[in-house]
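A short worksheet on the structure shown next.
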Amino acid sequence: MRITFRTLVLTAAALCSSAAFAATQSRVDVPFSFTAKGQSFPAGTYDVVLDAGNSFVTLANKADQSKHLTWTVGPAEPAATAALVKFDTTGTDYALKSIQLGTRVTPNLDRNNKRGVSATTSIGGE
0 MRITFRTLVL TAAALCSSAA FAATQSRVDV PFSFTAKGQS FPAGTYDVVL
50 DAGNSFVTLA NKADQSKHLT WTVGPAEPAA TAALVKFDTT GTDYALKSIQ
100 LGTRVTPNLD RNNKRGVSAT TSIGGE
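For the sequence shown, numbering that gives the first Met the number 0 gives the first residue as 0, with consecutive numbering after it.
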């Protein structure tokens, strides 16, 4: 079997575009309800998607697409998982703190809740 240079180039391009696609979206299962930007969000599966320009990330509930938010992102060190969503915990309440997808992360989204935060919970996505 003869492999041509063109075949190698096309295969490499396909693999690179697949890797780039995988780095721009992920799925996260959040086992609790939470708040973000004054809105309540239910427990469930959320899609985390980075826009084509790597400037904005969107968190969208799979079951209810009306439950979504979009924020700007900046550079970050890579996380151990494809997506990393962090929540501040106050008692039994959870507030969205940050969303990281690959090497892009939001700023601290829970700026108003500095007092009473007892822990930070992180959930990784695939």
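Quick reminder that beta carbons are idealized off the backbone N, C-alpha and C, glycines included.
Q: Work out the CA separation of S121 and S54 for me, nearest whole Å.
A: 22 Å
Q: Give the DSSP bridge partners of Q99, in chain order.
A: L83 and V104
Q) With 16 other CB atoms within 10 Å as the buried threshold, where does Q99 fall? A) buried
**Q.** For A75, three-class secondary structure by DSSP
**A.** coil
Q.
Looking at T88: is its Cβ nearer than 9 Å to the Cβ of S117?
A. yes
Q: Please look up how many angstroms separate the CB atoms of P74 and R110, rounded, as I've assumed it's under 8 Å.
A: Wrong, their Cβ atoms sit about 20 Å apart, outside the cutoff.
Q) Hey, is V47 close to the ligand GTP, as in C-beta under 8 Å from one of its heavy atoms? A) Among the components of this structure there are no ligands whatsoever, and the ligand GTP is therefore not found.
Q: Using a threshold of 9 Å, state whether the C-beta atoms of G123 and V27 are closer than that.
A: yes
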